[in-house]
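>
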Ligand code: CP
Ligand code: NVA
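In the working numbering, the protein residues as written are 27 to 328.
The structure is reproduced here in structure tokens:
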């Protein structure tokens, strides 16, 4: 049976196994694999991307397969062909589809109608593949995941939702600190808590309290793709939520800083922090490649 990755919850059973496989693949970088050889990945991207697109394309290539990048405007989908028909047709040609969409419902619709695996490459609700790279980077540096404290300071967005769920499935305690009114929706907090047997998932409006003794400090853009109209209002609401050296000093002295990127220095993070010694954002970006290879091998297994 085919397997879709729409949410971190779809990796509940093997989230850390995929990361372990990625660590192995990182060492043997250019090995090709029978399961991926000559297989084809279609990438449908409704929004821009540097990391997700390039890492998926390079991943397929290094595994011995191919990829096809499709902008919806190049597809008949952009002229009204249904997602369902697109899913059925693409399934006759390709072996796996990654979809970056504005609407989570559209990713689900594609998955429901495709007979090949569908991967959510970011939507308005989650960014599940990003989590594999993030938690791999933590595991590489800290040697463990269980019992660590990750504090996310910023917008209660797609990345925040996925971080809560990834913490839950890997035993990492996650605190999300947002300005009032920008907390993650209750349904995603509850979903994360329902996945966890041990990890604590907490919501706060006070970054200085939340960050105390954090092992990992994480942030993301304040204005996600598609929210450009809210720029002025959000930048005002988020002042005081920038990750600064002073805030980092309240975390554990060995805390690492992560950001899924792209970053905006001077807004969600100061240049000193993101370009400083506690930042591992470029390892994190590199790990997108290794984790996507691991995920593709799992999904393409004959
Ligand atoms: N982090 C991330 O998904 O980056 P891109 O938007 O460049 O793919
Ligand atoms: N929250 C951001 C993540 C970008 C990788 C967005 O959705 O634009």
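Yeah, the Cβ is synthetic: ideal placement off N, Cα and C, and Gly gets one too.
Who are residue 123's beta bridge partners in DSSP?
BP columns for residue 123 point to 68, 144.
> Restricting to Cα atoms, I'd like to know which of 183, 205, 216, 161 is closest to residue 192.
Per the Cα distances, 161.
> Confirm, please, whether the CB-CB distance from residue 124 to residue 147 is below 8 angstroms.
A contact, by the Cβ cut-off of 8 angstroms.
> Whole-angstrom Cβ separation of residue 311 and residue 77, contact assumed at under 8 angstroms?
Between residue 77 and residue 311 the Cβ distance is about 6 angstroms, and since that is below 8 angstroms, they are a contact.
> Here's the rule: buried if 16 or more other CB atoms are within 10 angstroms of the residue's CB, otherwise exposed. What is residue 392?
The shown model of the chain, from 27 to 328, leaves out residue 392, and the question about it has no answer.
> Span of the alpha helix (DSSP H) holding residue 62?
Where residue 62 is concerned, there is no enclosing alpha helix (DSSP H), given that its DSSP letter is neither H nor E.
> Check whether the segment 53-65 and the segment 88-96 are in contact - that is, three or more C-beta pairs closer than 8 angstroms.
Yes, the segment 53-65 is in contact with the segment 88-96.
> With C-beta atoms as the reference, is residue 180 less than 8 angstroms away from residue 201?
Contact: no.
> Could you check where the alpha helix (DSSP H) with residue 216 kicks off and where it finishes?
It spans 212-221 - the alpha helix (DSSP H) in which residue 216 sits, taken as one unbroken run.
> Kindly indicate which three-state DSSP category residue 240 falls into: helix, strand or coil?
DSSP places residue 240 in coil when its eight states are reduced to three.
> Which word fits residue 254, buried or exposed, when buried means at least 16 other C-beta atoms lie within 10 angstroms of its C-beta?
Exposed is the call here.
> I think residue 184 touches residue 212, with their Cβ atoms under 8 angstroms apart; what is that distance to the nearest whole Å?
Actually they do not touch by this definition, with Cβ atoms about 16 angstroms apart.
> Which one or two residues does DSSP pair with residue 203 in a beta bridge?
Residue 203 is bridged to 179, 230.
> Quick one: using the 10 Å Cβ neighbour count with 16 as the cut-off for buried, is residue 303 buried or exposed?
Exposed, since its Cβ has fewer than 16 Cβ neighbours within 10 Å.
> Using a 10 Å radius around the Cβ and a threshold of 16 neighbouring Cβ atoms, would you call residue 305 buried or exposed?
When all chains shown are included, residue 305 counts as buried.
> Should the segment 153-169 be called in touch with the segment 315-327, which here means at least 3 C-beta pairs below 8 angstroms?
A contact exists between the segment 153-169 and the segment 315-327.
> Let me check understanding here. Comparing Cα to Cα, which of 99, 137, 307 lies closest to residue 116?
The shortest Cα separation from residue 116 among 99, 137, 307 belongs to 137.
> Is residue 185 near ligand 2, judged by its Cβ being under 7 angstroms from some heavy atom?
Under cutoff, so the answer is yes.
> Across which residues does DSSP place residue 95 in a beta bridge pair?
69, per the DSSP bridge assignment.
> Find out if the Cβ-Cβ distance for the pair residue 262, residue 249 is shorter than 8 angstroms.
No, the Cβ-Cβ distance between residue 262 and residue 249 is not below 8 angstroms.
> So residue 32 and residue 133 are supposed to be a Cβ contact under 8 angstroms. How far apart are they, rounded?
Correct: roughly 6 angstroms between the Cβ atoms.
> Return the residue from the list 210, 175, 219, 231 that minimises the CA-CA distance to residue 238.
Here the closest residue by C-alpha is 175.
> Applying the 10 Å Cβ sphere with the 16-neighbour rule, what's the burial state of residue 163?
So residue 163 ends up on the buried side.
> Whole alpha helix (DSSP H) runs in the segment 243-322 with 4 or more residues, listed along the chain?
Listed in chain order, they are 257-263, 271-274, 297-300.
> Specify the secondary structure class of residue 32 as computed by DSSP and reduced to three states.
It is coil, neither helix nor strand.
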